[in-house]
Every structure is written in C-alpha cells, then in structure tokens.
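Numbering (this note's numbering), first residue to last: 1058 to 1287. Virtual Cβ for every residue (Gly too), placed ideally from N, Cα, C. Keep in mind that this is a model prediction, so the values were computed, not measured. Quick notes on the structure that follows.
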Ligand SMILES: Nc1ncnc2c1ncn2[C@@H]1O[C@H](COP(=O)(O)OP(=O)(O)O)[C@@H](O)[C@H]1O
Ligand SMILES: [Mg+2]
C-alpha cells in the first residue's frame, strides 16, 4: 500500500541546509494501522506531509498503491491526493460557515459528484462515526471530539487508499482521546481502512498494530511491536 525507500529530506533556510529525515525505508501493508511515534521535532510531520504528497522529498521515493508520488507533476499529484489520500489534522480544519454535512461532502464537490449522492454518502459516514444527528449543525456547535469525528468522516468520503493523521488527538482530553482512537481502530478493523497515525504519546501508539519510531529523523531498528504493550 505504502512503500518508502531511502527517503531523505532537508529544509533550506537561506544558506543553511537542515537535514530532517535520513534515509528512511519501510512499508505499510493494506489494512494495517501503524503509529509513527517520536518526540517533538523528530520529523513526524515532515514525514507525514511527504507521504501525503504535500511536499516533495529531497531524495528517495514514496509509492502509494504502486504509484510513485514523488515523480508526479503538480496536477497529477493534486488529483492523486484528492482521490487516494485522506488526511486528518490535529486542529480539525473544518470550514466554520459550512454545516457538518457540507464539510464532509466538500472533497466530493471537487470531484463534481452530484449533490444527492454527496449528501447520502456524507450522512452514511456521519452515522458511521457516531454523529449522524449533528449533520445540520455548524462546527462551532460541536465539542472537540465531535469536530474530530467530522474531520474523520471527511477524510474517508473519497474512499482513499490510505489515511494519514497528524496528532489527531493532540487537542483532546484523555477520555475523548480514547474514544477517537477507539473509532479509528474500529474503522481499521471493520472497514479495512489503512491508517498511519502520528503521535508523540506512547499510550496512543501502543494501541496500534505496529509502531515506527522516529528519533532525530532516523527510524529506529526493531520498532515493530511484537504482541501488545497494553
Ligand atoms: N518549513 C520548515 N523549514 C525549516 N525547518 C523546518 C520546517 N518544518 C520543520 N522544520 C524542522 O524540521 C524538524 C522536524 O519538524 P517536524 O517534522 O515538524 O517534527 P515533529 O512533527 O516530529 O514535531 C524540526 O527541527 C523543525 O524545526
Ligand atoms: Mg508535528
């Protein structure tokens, strides 16, 4: 589903080149749920943004569903992102003047899907993530956990090959955090959705099938989990 080969990335600021990721190689299989664990500044968001096609890597390759996204031109990549990649942000990134349902429908608007079909799909997904009754409300009328459920529904509406989540519970209290991770696990187990979840919290990471651990831009060896940490 996802193959990363010798991926390196540096940021250029003025004359300086700051290396952030160093020759990372790993795979994520279809239907897996993987945590990308590392402390602040270890390069997690950089790696996630590269894998989601939001930036181009300095070196190395990124294959999603067999397609090398690092080799695509801007138009092709934008189209690929819209149809194959879902993204969940820490701060939800909902559009405040649209209703919950309209937010979830938005990715389909860009694909010119007819409004009746969009509406049906959005309502079905909102029901699936447990907030079917909130469809006609606005984001500001929802709790943080409910807003994150909206953003999860939005990430799934195009049936993406893979969904990336950057600290999806970073703004939530412990109880809501658990509920959101429960939901992601349920979507993974019962709908087969492939997830890569970035977190700096070991408690969150330990609930996934596998942990990839980043330290100072290096992937640690033996970061696969054998069994369950609990
Ligand atoms: N746009 C940028 N320009 C320069 N340096 C950056 C940029 N984005 C991130 N960095 C640097 O890259 C390193 C990793 O950042 P990041 O990927 O955001 O880490 P994490 O998400 O693990 O906290 C940090 O040292 C950060 O300062
Ligand atoms: Mg980050």
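Can you give me the start and stop residues for the alpha helix (DSSP H) that residue 1270 sits inside? Counting along the chain, residue 1270 falls outside any alpha helix (DSSP H), though it belongs to the beta strand (DSSP E) covering 1267 to 1272.
Rounded straight-line distance, which links the Cα of residue 1241 to that of residue 1159: 22 angstroms
Candidates 1129, 1155 and 1257, of which the one nearest residue 1195 by Cα: 1155
Check the C-beta distance from residue 1060 over to residue 1078 and give it rounded, since I have them as a contact under 8 angstroms. At roughly 16 angstroms, the Cβ-Cβ gap does not stay under 8 angstroms, so residue 1060 and residue 1078 are not in contact.
What distance in whole Å lies between the Cβ atoms of residue 1110 and residue 1137, which are believed to be in contact at a cut-off of 8 angstroms? 7 angstroms
Enumerated in chain order, which unbroken segments of the beta strand (DSSP E) with a length of 3 residues or greater are wholly contained in the stretch 1059 to 1140? 1059 to 1070, 1073 to 1085, 1090 to 1094 and 1116 to 1121
For residue 1124 and residue 1283, the rounded distance between their alpha carbons: Annotation note: pLDDT 46 at residue 1283 (below 50); position unreliable, coordinate value reported separately. Each residue's Cα considered, the two are about 30 angstroms apart.
Assuming residue 1218 and residue 1251 make a contact with CB atoms under 8 angstroms, what is their CB distance in whole Å? 7 angstroms
Cβ of residue 1232 versus every heavy atom of ligand 2: is any distance shorter than 7 angstroms? no
My output table needs one value for residue 1142: the three-state DSSP class, helix, strand or coil. strand
Residues proximal to ligand 1 by C-beta, any heavy atom closer than 6 angstroms: 1068, 1070, 1075, 1077, 1095, 1097, 1098, 1099, 1100, 1101, 1102 and 1103
Exposed or buried, which one is residue 1246 when buried takes at least 16 other CB atoms within 10 Å? exposed
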